[in-house]
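Those letters in the sequence shown? Residues 701 to 862, per this note's numbering, in order. We put the beta carbon where it would ideally sit given N, CA and C, even for glycine. Model, not experiment: these values are computed from the prediction. Reading through the structure tokens given below for one structure.
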Amino acid sequence: MANFLTEFSWIWLLGIAAILLLSIVMAVVASRQSKKLLAIINENAAASWQQQQQIEQLHQLLEQQVVQLKRSHQDVEELRSTVIGVGQRVLSLESHLGQGMQQVAELAEQQKSMHLFDPESKIYSRAMKMVHLGASLDEIMLECELPQAEAELLFNLHKQSK
């Protein structure tokens with residue numbers, strides 16, 4: 701029986717040694733796997749941190765663009781208001797211009813009708829025609845009954861345009 705106990709003790713010791721060896725192997729494998737998992741976790745944490753930084757940068761950029769968009773919108777509104785004001789001024793000026801053109805046409809018509817009935821303008825018209833036809837200064841004074849100064853003025857003005 702003593703042999704049996706010794707054999708049993710040896711088997712028992714070998715079993716315990718095998719269990720210990722297996723435990724050590726499993727601990728080493730677990731340690732390696734833990735290191736790998738820690739490395740993966742660290743990589744993921746670093747990647748997550750970088751992604752968080754990128755997200756924050758994108759958020760800041762988005763906020764800046766929102767501010768810029770609001771400014772642009774305000775600028776467009778100011779331009780639109782200015783264009784409307786300029787358009788109203790143009791319409792007003794067109795209206796005034798139309799009235800002015802109408803008044804000029806009426807005045808031209810009045811001047812034309814006055815010219816037809818004004819005997820002095822007929823004399824001056826006749827004197828201008830004579831200058832264009834080559835009449836002398838004395839002929840113009842005699843025919844149109846103009847003073848010398850007026851005849852000279854007409855003669856010099858219309859002789860140059862001839």
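Fully enclosed by the segment 739 to 763, which alpha helix (DSSP H) runs are 4 residues long or longer?
-> Counting whole runs of 4 or more residues, the segment 739 to 763 contains no alpha helix (DSSP H) stretch at all.
L737 to V729, Cα distance in whole Å?
-> The alpha-carbon atoms of L737 and V729 are separated by roughly 12 Å.
Taking C844 as the reference, give the member of L758, I823 and A745 with the closest Cα.
-> Of the listed residues, the one whose Cα sits closest to C844 is I823.
Taking the alpha-carbon positions, what's the E756 to A747 distance?
-> Between E756 and A747, the C-alpha separation is close to 14 Å.
Give a yes or no on whether 8 Å exceeds the smallest Cβ distance from I784 to chain C.
-> Within the model displayed, chain C is absent; a lone protein chain is all it includes.
What is the residue span of the alpha helix (DSSP H) that L842 lies within?
-> For L842, the enclosing alpha helix (DSSP H) has its first and last residue at L837 to C844.
At least three beta-carbon pairs within less than 8 Å, the segment 823 to 838 to the segment 803 to 813 | Touching, no.
Could you have a look at G787 and say whether DSSP puts it in helix, strand or coil?
-> Reduced to three states, the DSSP call for G787 is helix.
Cut-off 8 Å between Cβ atoms - residues of its own chain near E839, not counting five sequence neighbours on either side | Contacts found: M830.
E778 to E794 span [Cα, whole Å] = The alpha-carbon atoms of E778 and E794 are separated by roughly 24 Å.
Three-way DSSP call (helix, strand, coil) for G798 in this model | Helix.
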